[in-house]
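Here is the structure we will look at, set down as structure tokens.
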Amino acid sequence: MINRKVILSIAKTHLLTKIKQTATAALGVTFGIGAYIIMVSFMTGLNQMLDDLILNLTPHIHIYNEIQPSKKQPITLYDDFKNSFNIVHSIKPKMNQKKIHNAYPIINYLAQNKNVLGVLPQLKSQIFYIAGTIELGGSLIGINPIEEATYFKLNDYIVNGSAEALYNSSNGILLGIEIAKKMSLNVGDRVQIGTVSGTVFPLKIVGFYQSGIADVDVIQSFANIKTVQRILGEPENYITDINVKLKDIDKAFLMAKDIEKQFSLTAMDINTANAQFDTGSSIRNLITYAVSITLLIVAGFGIYNILNMLIYEKMNDIAILKAIGFSGKDVQLIFMYQAVIIGFVGGVLGLILGFGLSHLIDNVPFETEALPRVKTYPVNFNFWYYIIGISFALIATFFAGYLPSQKAKKIDPVDIIRGQ
Amino acid sequence: MRKVLETKHINKYFKKPVLFHVLKDISMNINEGEFVSIMGKSGCGKSTLLYILSTMDTDYDGELYLNNKLITRNSRQELSYIRNKHIGFVFQFHYLLSEFTVLENVMLPAKKLGEKTFQEIEFEAMQKLKMLNIEHLAKKRASRISGGEKQRVAIARALINNPSIIMGDEPTGNLDSHNSENVFNVFKKLSIEEGLSLLVVTHDDDFAKQTDRIIQMEDGKIIT
Ligand SMILES: Nc1ncnc2c1ncn2[C@@H]1O[C@H](COP(=O)(O)OP(=O)(O)OP(=O)(O)O)[C@@H](O)[C@H]1O
Ligand SMILES: [Mg+2]
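Residue numbers (our numbering), protein chains in the order written: chain A, 1 to 420; chain B, 1001 to 1224.
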């Protein structure tokens, strides 16, 4: 231990007397780590924002009744034609109920699964928004507002209102913001909803829904499930969709397959629904790490150079230390300490620099029509990136210091002393 | 008389640029408390021998004993420890760590040995400096003192761990006559008062005559 202290004090003295070179080497690391922190924070912030945009709106598993042609046409049931080649033209979809049969038992069953966070029933209906003589086609979705807020961040997409306000209103509607613009409606106003069968209901606007995707916002509105059931004149177990949120998104695919088999319903998992989605994120991550590692390698060469120079300048010191009883290992340790000190100081400064600049970026205004809730550039302040950053710095400097220190270890004091 | 240092049939060759038999069958010993000088023409192999005796050079044939223990085939780690504890070395050029103070230079081998607390080491270092009349330089940077002073600092450093033997390779070779005499007196005093064993390479006849014994070398051989 005493040995460590002595060696460390020698290392420190060397660094302090060559403060300019030390600072240059440390700054290389600082910029490398700083750039890594900024890039990774900003890139993942961006990724997360884009992910959220879609993931928040997309259930992990979406269960519904798909309208599709029957797989078995009547002729296949007829034994006489079993061995013949049948051609059926103009197949029409089977008149299928949109309603999910036994929806609530299925919901209860799914809710018991350990991997399930939430199971949310929805009731989708085609309606018209009526204002005076204008009739706009659209869809009204019956939901449980509180649960939607918990599992799908509904409140993030509500302007001038809240999920609670919708929940507390038996004839409230969360109107798509583009519809409201078209029809010049404000919160508190009433909007007439017409059903396919011709009946008209007035609903009170308790807020606007803004997903940021204009095509959606011009069609879609929300109300309590019960409200929609009443409008449609359907009973309380009339449910068309079940959305499932899982603890582990990776299990979505298999679970969706199970559900399809078990209940003969269509179950779409999120990965199938957004297959292209992952690639974008992983390419951005790849770029981030490629650039950061390049910067660190450059910084590493800086350290390597400066340590090599230092060792060259300190040949005499190395010979003296060895002559008075310091071992090759001790001498190597001196230079390793120097590398690691440079890495640590440079790395910590890099973290501070990265944090500072990320903070700055986080406060730069960034407004776009497509992303209504985003006011500044998204930055992800994940603690782990700082741990990775400092580990990176230490590992890079360790390797940069290793070769020169190995050289110092092998220097033969006799050669140096003779050379004088 | 106990032998501090002994060699048996040491031979050394330089292989580059051409094979060169530099030390030929060197057998000698230094007794405890003896002050021995080595003399010989330039190039006869004095320094080469001293590097072997100081354990810094391990590339030789033959046997080297320190305090009657064979240390020829010891590991580098063990030899470092032996140099630290048992051997004090004074070079022709004043080899000090120039960025450290005089006191730190003197303390360094003892800190490395780690047998005493830093306070004890500092106290002893100051005593060595006092003995060599340079205690007023203790806090000065090693690069800011004169050549003669540096050489005395180097002696103080060689003494700090109370070694079995002090070796010097022309320790006065780079000094004027006044400083040479000064350093010689220090060695003489250490030999008489402290009973220290000393082995010093020198070209100075007057210096050598005042030592207990002179080893004469010629062409890599000991002749007397
Ligand atoms: N590394 C080496 N490679 C080859 N030959 C060497 C090497 N070092 C020394 N020599 C040769 O070995 C011989 C002995 O050298 P050494 O330095 O021991 O002489 P010396 O007696 O100390 O001389 P001086 O009094 O000038 O210091 C010389 O002829 C020298 O040229
Ligand atoms: Mg010589």
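Just so it is clear, CB atoms sit at the ideal spot from N, CA and C, and this is done for glycine as well.
Listed along chain B are R1076, Q1077 and S1080, each with a C-beta nearer than 9 Å to that of A/G328.
In its chain, beyond the 5 residues on either side, M39, V40 and M43 have a beta carbon closer than 6 Å to the beta carbon of A/T288.
By the rule that beta-carbons nearer than 9 Å mark a contact, B/N1162 does not touch chain A. Setting aside the 5 residues that flank it on each side, A/E66 is surrounded in the same chain by T266, each with a C-beta closer than 7 Å to its C-beta; the list follows chain order. Chain B places no beta carbon closer than 9 Å to that of A/A23, leaving this residue out of the contacts. Contact between the stretch 1168–1185 of chain B and the stretch 1135–1152 of chain B is present: 3 or more CB-CB pairs across the two stretches fall below 8 Å. Cβ contact annotation for B/V1090 (same chain, cutoff 6 Å, sequence separation greater than five): A1154, I1155, A1158, G1168 and P1171, in chain order. Identification of chain B residues near A/I334 by a Cβ-Cβ cut-off of 7 Å yields none; the smallest Cβ-Cβ distance measures about 11 Å. Ligand 2 has a heavy atom closer than 8 Å to the beta-carbon of B/E1170. DSSP, read as helix, strand or coil, puts B/R1002 in coil. In chain order, the residues that have a beta carbon nearer than 5 Å to some heavy atom of ligand 1 are B/F1014, B/V1022, B/S1042, B/G1043, B/C1044, B/G1045, B/K1046, B/S1047 and B/T1048. In the three-state reduction of the DSSP assignment, B/K1130 falls in the helix class, which pools H, G and I. Of the candidates A/Y385, A/V331, A/I387 and A/F383, A/V331 places its Cα closest to the Cα of A/L403. In this structure, the straight-line span from the alpha carbon of B/R1002 to that of B/T1058 is close to 24 Å. Residue contact with chain A for B/E1099: present (Cβ-Cβ distance below 9 Å to some residue of chain A).
Within the same chain, L1096, L1097, A1142, V1153 and R1157 come within 7 Å of B/N1105 by CB-CB distance, once the 5 residues on both sides are set aside. At least 9 Å separates the CB of B/D1061 from every CB of chain A. Taken through DSSP and simplified to helix, strand or coil, B/H1021 comes out as strand. Boundaries of the alpha helix (DSSP H) harbouring A/Q229: I225 to L232, taken from the DSSP string. When A/Y337, A/K181, A/S125 and A/K329 are compared, the shortest CA-CA separation from A/G233 is found for A/S125. Not a single C-beta of chain A is nearer than 9 Å to the C-beta of B/R1144. The shortest C-alpha to C-alpha distance from A/K261 to any of A/L27, A/G45 and A/I63 is the one to A/I63.
Between A/I259 and A/T58, the alpha-carbon positions lie close to 18 Å from each other. Counting along the chain, the unbroken beta strand (DSSP E) around B/S1037 starts and ends at F1035 to G1040.
Going by DSSP, B/N1179 is part of the alpha helix (DSSP H) stretching over S1177 to E1193. Excluding five sequence positions before and after A/G389, the CB atoms of its chain that fall closer than 6 Å to its own CB belong to I33, Y36, I37 and L351, given in chain order. For B/V1004, the CB stays at least 8 Å from every heavy atom of ligand 2. A heavy atom of ligand 2 is found nearer than 8 Å to the CB of B/V1201.
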